[in-house]
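One structure below.
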Amino acid sequence: MKILVCISNVPDTTTKITFTNDNTQFNTSGVQFIVNPYDEIALSRAIELCEGGKGTVTVVNVGESQTDPTIRKALAIGADDAVRINAAPRDAYFTAYQIAEYAKTTEFDMILCGRESIDYNGSQVAAMIGEFLDIPSISIIKKLDYDGTTATLEREIEGGKEVISVTGKFIASCSEGTAEPKIPNMRGIMSARTKPLVVIEAKDIEQVAKVQQFETPPPRGTVKLVPAEETAKLIDLLHQEAKVI
Amino acid sequence: MSVLVYVEQVDGKFKKSVFEAVSYAKAIADKQGSNLTAVSIGNVDESELKALGKYGASKVLNVSNDQLKNFVNQAYASIIAEAAKKESADIIVLSNSFSGKGLAPRIAVKLKAGLVDGAVELPQLDGGKFLVKKTAFSGKAFAITELTSAVKIIALNPNAFGVKESAVEAAVEAFSPEIKATDLSAIVKEIVRATNKVSLPDAEIVVSGGRGLKGPENWGMIEELAGLLGAATACSKPVSDADWRPHSEHVGQTGIAISPNLYIAIGISGAIQHLAGVSSSKVIVVINKDPEAPFFKVADYGIVGDAFEVVPKLIEALKAHKS
Chain A
690 MKILVCISNV
700 PDTTTKITFT
710 NDNTQFNTSG
720 VQFIVNPYDE
730 IALSRAIELC
740 EGGKGTVTVV
750 NVGESQTDPT
760 IRKALAIGAD
770 DAVRINAAPR
780 DAYFTAYQIA
790 EYAKTTEFDM
800 ILCGRESIDY
810 NGSQVAAMIG
820 EFLDIPSISI
830 IKKLDYDGTT
840 ATLEREIEGG
850 KEVISVTGKF
860 IASCSEGTAE
870 PKIPNMRGIM
880 SARTKPLVVI
890 EAKDIEQVAK
900 VQQFETPPPR
910 GTVKLVPAEE
920 TAKLIDLLHQ
930 EAKVI
Chain B
58 MSVLVYVEQV
68 DGKFKKSVFE
78 AVSYAKAIAD
88 KQGSNLTAVS
98 IGNVDESELK
108 ALGKYGASKV
118 LNVSNDQLKN
128 FVNQAYASII
138 AEAAKKESAD
148 IIVLSNSFSG
158 KGLAPRIAVK
168 LKAGLVDGAV
178 ELPQLDGGKF
188 LVKKTAFSGK
198 AFAITELTSA
208 VKIIALNPNA
218 FGVKESAVEA
228 AVEAFSPEIK
238 ATDLSAIVKE
248 IVRATNKVSL
258 PDAEIVVSGG
268 RGLKGPENWG
278 MIEELAGLLG
288 AATACSKPVS
298 DADWRPHSEH
308 VGQTGIAISP
318 NLYIAIGISG
328 AIQHLAGVSS
338 SKVIVVINKD
348 PEAPFFKVAD
358 YGIVGDAFEV
368 VPKLIEALKA
378 HKS
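Each protein sequence line maps, in turn, to chains A and B. When we follow my numbering, the leftmost residue of the first sequence carries the number 690, and every step to the right adds one. When we follow my numbering, the leftmost residue of the second sequence carries the number 58, and every step to the right adds one.
Here it is, written out as C-alpha cells:
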C-alpha cells in the first residue's frame with residue numbers, strides 16, 4: 690500500500706496575524722511555520738494504516754525551499770519519503786493541479802490531506818485533486834478504515850455524520866477525530882535528516898484566484914460588564930439593546 | 058450571462074442557509090442585470106421548489122432521481138456544471154456547508170473556474186475586477202480575493218448575508234443530465250443525524266462551554282440554556298481533547314469557525330486559537346470567574362462570576378423573560 694499525504698506550510702496557531710505592503714502581504718517576520726495541523730492528522734492516520742510494514746507514506750508539498758524544515762518535520766513524524774514541487778503556491782487550483790500531475794506519475798492507493806489550511810482556510814485542494822484525477826473525494830472526514838481494497842469513511846455533516854464506502858483510489862480530507870496527531874520522537878528526528886526529499890519542478894497553469902488585499906477585523910468596543918448578582922439584566926440587554934434574543 | 062445557485066436539500070427541505078444563498082445570488086443577478094436560476098438535486102416537492110421564487114429564483118431546475126437521493130459529490134458536481142453550461146451561468150453560488158466544501162472545488166475544476174469559499178459579503182465590481190471578501194487565517198483576518206476566470210464560484214458562509222424576499226414567480230423545470238457510472242462510485246452507507254439539535258455551523262445562537270465547567274457531567278445547564286435559546290452547543294479545544302464533548306462541537310482555529318448572531322462563552326478563557334474561530338460572531342457574551350480572562354477584551358457583554366451560580370440564574374431569568 691502506498692499513501693500520499695499532502696502537507697501545507699502554515700503559520701503556527703499562536704501567531705498574531707499582521708500584514709505589510711499596504712495590507713497586501715502576510716507579514717512573515719518572526720513567524721514560526723508548522724505543518725498544517727489538519728495535515729498532521731492526515732499524516733498520523735496514514736502512518737497508522739501503514740504500521741507493521743503494510744505500506745509506505747510519501748508526503749507531498751507545493752512550496753519553495755523555505756518549506757523544507759516543515760517537510761523534515763513530517764518525515765520526523767514518520768513519513769518514509771517526501772516530494773516537494775518547487776513553486777510558491779499561487780491558489781488552490783494551482784496547488785491541486787501540481788499534486789494531481791505528480792500523482793499521475795506514481796503508484797498510490799489513497800491520498801490524504803487536512804480538511805483545510807489554517808491560513809487561507811480554503812477547503813479546496815482535496816476535492817480539486819479528486820476532480821483532476823477523476824477519483825472520488827470525501828471531504829472533512831473524522832474516521833477512516835481501510836481493508837486493502839475498500840475504505841470506510843465517516844464524513845461530517847450538519848448535525849451528524851455520514852458513512853461512505855469507496856473501493857479503489859480516492860482522496861480524503863481529514864479533520865479532528867481521524868487520528869491523534871503523532872509527536873516525533875528522537876529516532877524520528879535523527880532519521881528525518883537522511884530520508885529522501887525529492888524536488889521536482891512545477892508545471893504551468895493559468896491563475897484563477899488572487900488575494901488582492903487583507904483586512905483585519907474591526908476592533909470591538911469595550912465590554913459592558915453586568916454584575917453577577919444582576920444576571921437577569923443581561924437578558925434585558927440582549928433583548929432590548931443587542932436585539933439578538 | 059446569468060447566475061446559478063445550488064440549493065442543498067436535507068430530507069426534501071431547504072434550510073435557512075439555502076435561502077441566504079438564494080438571496081445573495083439574487084443580489085448579484087440584480088447587480089449584473091441577469092436572471093437567477095436555482096438547481097435542486099434529490100427528491101423535493103414542487104411546492105418547496107416554487108417557494109424559492111420568494112427569494113428571487115425565476116427558474117428552478119429540478120433533478121429528481123432515486124440514484125441521487127443521497128449526496129455524492131462527484132455526481133452532484135457534474136450535474137451543477139451541466140446546469141451552469143445549460144444556463145450560460147458565469148457565476149455559481151452555493152452554501153459553504155460541509156457538502157458545499159466537497160462540491161464546489163470539483164465544479165471549479167470542471168469549469169476552470171476560480172472559487173472563493175467562505176465569502177462574507179457581496180462581490181465588489183471594482184474597475185472591471187471581481188473581488189470577494191472571505192474569512193482567512195481562521196477568522197483572524199479577511200482576504201479580498203480577485204477571481205480572474207470566466208466562470209466564478211462563490212461559497213457563502215452561513216449567517217453572513219441576510220435572507221431577503223423579492224417575490225418572483227419561479228418556473229420549475231425537470232432537468233436530467235446524463236450521469237456517468239464512475240460519478241457514483243462512492244456509496245453512502247448510512248446517515249446519522251440528530252434531528253432534535255440545532256446544527257452548529259448554521260446556528261444563530263451558540264452556547265459554548267470550556268474547562269471552567271470542570272467536567273462533562275456539568276453540561277446539563279449548558280444544554281438547558283441552549284434549549285431555551287434555540288441555540289446549538291459548542292466547546293473549546295481542551296474540552297473536546299478531554300472527550301468531555303464530541304470533536305464536532307469544537308470551535309476555534311483547529312475546530313470549526315462560526316459566525317452566529319450571539320455567542321455565549323461560559324468558562325472559556327479565550328486563547329488566541331479559540332478567539333480566531335468565533336471572532337466574527339455579531340455579539341459575544343463572556344461568563345468567567347477570572348476578570349483577567351482575555352476573552353473579556355473581545356466581548357460585548359460580560360459577567361465576572363462563577364458559572365455554576367450565574368448560569369442557573371440566567372436560565373431562570375430567561376424562563377421569566379419568555380413567559
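Glycine residues also receive a C-beta, built at the ideal position from the N, C-alpha and C atoms.
Inclusion of G324/B and N345/B in the CB contact set at 8 Å is warranted, their separation being smaller than that value. In the three-state DSSP reduction, F199/B falls in the strand class (E or B). Around the beta carbon of T290/B, 16 or more other beta carbons lie within 10 angstroms, which makes this residue buried. Per DSSP, reduced to three states, the secondary structure at R909/A is coil, with no helix or strand assignment.
Annotation for S733/A: the continuous alpha helix (DSSP H) segment containing it runs 726-739. Take G837/A, set aside five residues on each side of it, and the residues of its chain with a beta-carbon closer than 8 Å to its own are M690, in chain order. Taking a beta-carbon distance threshold of 8 Å, T290/B does not count as an interface residue toward chain A. Taking C-beta separations shorter than 8 Å and ignoring five residues to either side along the sequence, the partners of F199/B in its chain run V177, K190, K191, T192, A193, following chain order.
Cβ proximity to chain B below 9 Å picks out A898, K899, V900, Q901, Q902, F903, E904, T905, P906, P908, R909 from the segment 898-909 of chain A.
Within the segment 277-327 of chain B, the complete beta strand (DSSP E) runs of at least 3 residues fall at 289-292, 319-323.
Residues V772, R773, I774, N775, Y791 of the same chain have their beta carbon placed closer than 8 Å to that of I889/A, with the five preceding and five following residues left out of the count. Separation of the CB atoms of D357/B and R909/A is rounded to 7 Å, and the pair is thereby assigned contact status at 8 Å. With respect to the C-alpha of C695/A, the residue from G849/A, V915/A, P873/A, R734/A having the closest C-alpha is R734/A. Comparing C-alpha distances from H331/B to each of F352/B, L118/B, P258/B shows the shortest one belongs to F352/B. Identification of residues in the segment 65-87 of chain B having a C-beta nearer than 9 Å to some C-beta of chain A yields V67, K72, S74, given in sequence order. At a cut-off of 8 Å, the C-beta of N100/B has no neighbouring C-beta in chain A. Three or more Cβ pairs closer than 8 Å define a contact, and the segment 741-755 of chain A falls short of that threshold against the segment 858-877 of chain A. Separation of the CB atoms of A114/B and A95/B is rounded to 4 Å, and the pair is thereby assigned contact status at 8 Å. Identification of chain B residues near V888/A by a Cβ-Cβ cut-off of 7 Å yields none; the smallest Cβ-Cβ distance measures about 26 Å. Beta-bridge pairing by DSSP links V897/A to no other residue.
Among the residues facing chain B, F821/A is included, as its CB has a counterpart in that chain under 8 Å away. Here the C-alpha atom of M799/A lies approximately 16 Å from the C-alpha atom of K831/A. For the options G184/B, L286/B, V173/B, S223/B, the alpha carbon positioned closest to that of N92/B is the one of S223/B.
Looking at the DSSP output, N119/B bridges to S97/B, A231/B. The alpha-carbon of A333/B is positioned some 12 Å away from that of N810/A. Residues of chain B whose Cβ lies closer than 7 Å to the Cβ of T702/A are, in chain order, Q310, T311, Q330.
Using a Cβ-Cβ distance cut-off of 8 Å, the segment 249-269 of chain B and the segment 285-303 of chain B are in contact, since at least three pairs of beta carbons, one from each stretch, lie closer than that value.
In its chain, beyond the 5 residues on either side, V746, V748 have a beta carbon closer than 6 Å to the beta carbon of A768/A.
L106/B and V229/B have their C-alpha atoms spaced approximately 7 Å apart.
In the DSSP annotation of this structure, the continuous segment of the beta strand (DSSP E) that includes Y835/A starts and ends at 826-835. For a cut-off of 8 Å, the C-beta gap from T839/A to T856/A is around 5 Å, short enough to register as a contact.
Taking 8 Å as the CB threshold, Y358/B lines the interface with chain A.
Annotation for S338/B: V263, I315, S316, P317, N318, L319, Y320 place their beta carbon closer than 8 Å to its own, counting only its chain and skipping 5 residues before and after. With a threshold of 8 Å between beta carbons, G266/B makes no contact with chain A.
With a threshold of 8 Å between beta carbons, I244/B makes contact with chain A. Beta-bridge annotation (DSSP): P700/A is paired with F722/A.
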